[in-house]
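Student:
Residue numbers (the numbering used here): 1228 to 1587.
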């Protein structure tokens, strides 16, 4: 009897000792702020499956409320393009945008957003998760006190909305085009007057004639902004953004202060939203495209000579940036080495399949 009493007492004491930290941990709520560069109410980015709000909801549920992230969309806490610096300064813990919005600050980071004539979503994700992509991303951001990871992917984007037909290179001269990132540099080299505007400012600028053309994302997202009501011609190809990745940037000091299990929850919720957001775009683009065509939008393909000229102009763009920035050069060489390997499979699989589908 004495032995049984001893075992019972020590068992209860052990259970209490084990459960106390768990109870304390569950009772602790960490509250973070997250800014974004995107307007409120924007599916894919701000609301709905795979959005930044969806990410925050997933983290809250997966952590049983231990990590509570409040999302502030563009202009609600800081202006659209100032969230990145707010994270660096520790004003907020997270920011969601596309890394090319900060190309002036960190040129090398553009490879983690959108790469002209680069890889598809499948290839980009392979580079991130299996190759050196995320490792290099964090190497680029380490001096800034940031940790980063993908949290969304658009898939291939459209060239954009134009208020006039583009039939040749001459039609590009002086065209006022909203376009960010590396592609903007190639456009500038062929005579385009490039502009950088946040999403919420594109429609009024296009409607009022402040700009002549604008690139945003794809049919489903463009419909939400009403861009089909501001311009008549809708152009493809997605040479400039074969996929575009939404970046989750996290203040490194805040990240290092998270328990390991919460870091795992954030990482896995971001990876889930990266896949789900792309799935949302793939599921909704066709319906929006059909609606545009039924309501007077004229669908066009950017002329081959324009695309080939842009391809040629990307070479000096990459060369100049690489010569000026060793880190840009390091990331670029790693990216394109991975792409060369991935292209072997892409050409034997997806490209053949798409060619057969086109010719069927």
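Backbone N, C-alpha and C fix where the C-beta goes; we use that ideal spot for every residue, glycine too.
Determine whether the beta carbon atoms of residue 1475 and residue 1294 lie at a separation below 8 Å.
Tutor: Looking up residue 1475 in the chain shown gives position 248. Looking up residue 1294 in the chain shown gives position 67. Result no, Cβ atoms of residue 1475 and residue 1294 do not sit closer than 8 Å.
Student: Based on Cα-Cα distance, which residue from 1394, 1537, 1337 lies nearest to residue 1368?
Tutor: Locating residue 1368 in the chain shown gives position 141, where the first residue counts as 1. If we check each option's Cα against that of residue 1368, 1337 comes out closest.
Student: Starting from the Cα of residue 1360, find the closest Cα among 1372, 1340, 1344 and give me that residue.
Tutor: Position 133 of the chain shown, counting from 1, holds the residue named residue 1360. Among 1372, 1340, 1344, the Cα nearest to that of residue 1360 is on 1340.
Student: Classify residue 1251 as helix, strand or coil using the three-state DSSP reduction.
Tutor: Mapped onto the chain shown, residue 1251 falls at position 24. Low per-residue confidence applies at residue 1251: pLDDT is 45, beneath 50, and the placement is therefore not dependable, though the value from the model is reported in the following sentence. Three-state DSSP puts residue 1251 in a helix.
Student: Helix, strand or coil for residue 1272, going by three-state DSSP, please let me know.
Tutor: Position 45 of the chain shown, counted from the start, is the residue given in the question as residue 1272. Three-state result, residue 1272: coil.
Student: Kindly list the residues whose CB is nearer than 6 Å to the CB of residue 1529, restricted to its own chain and excluding five residues on each side of it in sequence; keep chain order.
Tutor: To locate residue 1529, count along the chain shown from 1; it is residue 302. So the qualifying residues of the chain are 1386, 1462, 1464.
Student: Residue 1515 and residue 1447 look like a contact to me (Cβ under 8 Å); what is the Cβ gap, rounded to whole Å?
Tutor: What you label residue 1515 is simply residue 288 of the chain shown in a count that begins at 1. What you label residue 1447 is simply residue 220 of the chain shown in a count that begins at 1. That pair is a contact at about 5 Å.
Student: Sorted by chain position, which residues of the same chain lie with C-beta nearer than 7 Å to residue 1334's C-beta, five sequence neighbours on each side aside?
Tutor: The residue you call residue 1334 lines up with position 107 of the chain shown. Excluding residues within five positions, the ones whose Cβ falls inside 7 Å are 1548, 1552, 1555.
Student: Please state whether DSSP places residue 1282 in a helix, a strand or coil.
Tutor: For the purposes of this step, residue 1282 is taken as the residue at position 55 of the chain shown. Residue 1282: helix per DSSP, three-state reduction.
Student: Determine the extent of the alpha helix (DSSP H) in which residue 1420 is found, giving its start and end residues.
Tutor: Within the chain shown, residue 1420 is the residue found at index 193, counting from 1. No alpha helix (DSSP H) holds residue 1420; the beta strand (DSSP E) holding it covers 1420–1422.
Student: Could I get the ranges of all uninterrupted beta strand (DSSP E) runs contained in the stretch 1344–1412, with 3 residues as the minimum, in chain order?
Tutor: The stretch 1344–1412 contains these whole beta strand (DSSP E) runs: 1373–1380, 1387–1389, 1403–1405.
Student: Whose C-alpha, out of 1273, 1362, 1352, 1355, is nearest the C-alpha of residue 1324?
Tutor: If you number the chain shown from 1, residue 1324 lands on position 97. Residue 1324 has its Cα closest to that of 1273, out of 1273, 1362, 1352, 1355.
Student: Going by DSSP, what residues sit across from residue 1541 in a beta bridge?
Tutor: As a working note, residue 1541 is residue 314 in the chain shown. BP columns for residue 1541 are empty, so no partner.
Student: To which residues does DSSP link residue 1258 through a beta bridge?
Tutor: If you number the chain shown from 1, residue 1258 lands on position 31. According to DSSP, which records beta bridges pairwise, residue 1258 is partnered with 1295.
Student: Could you round the C-beta distance between residue 1372 and residue 1479 to whole angstroms and report it? I think they count as a contact, below 8 Å.
Tutor: For this step, residue 1372 is matched to residue 145 along the chain shown. For this step, residue 1479 is matched to residue 252 along the chain shown. Contact flag correct, Cβ pair sits at about 5 Å.
Student: Between the C-alpha atoms of residue 1320 and residue 1356, what's the straight-line distance to the nearest angstrom?
Tutor: Here residue 1320 is taken as the residue at index 93 of the chain shown, counted from 1. Here residue 1356 is taken as the residue at index 129 of the chain shown, counted from 1. Taking the straight line from one Cα to the other gives about 23 Å.
Student: The beta strand (DSSP E) that contains residue 1472, what's its start and end?
Tutor: In the chain shown, the residue the question calls residue 1472 occupies position 245. It spans 1472–1478 - the beta strand (DSSP E) in which residue 1472 sits, taken as one unbroken run.
Student: Can you find the residues in the same chain that come closer than 7 Å, C-beta to C-beta, to residue 1508, ignoring five residues on each side of it along the sequence?
Tutor: Residue numbering aside, residue 1508 sits at position 281 when the chain shown is read from its first letter. Once the five neighbours on either side are set aside, the close Cβ partners of residue 1508 are 1271, 1381, 1382, 1445, 1447.
Student: Excluding the 5 residues flanking residue 1313 on each side, which residues of the same chain have their C-beta closer than 7 Å to its C-beta?
Tutor: Translated into the one-based positions of the chain shown, residue 1313 becomes position 86. The answer, listed in chain order, is 1262, 1305, 1319, 1322.
Student: Which residues share a DSSP beta bridge with residue 1527?
Tutor: Here residue 1527 corresponds to residue number 300 of the chain shown, with the count starting at 1. Its beta-bridge partners are 1462.
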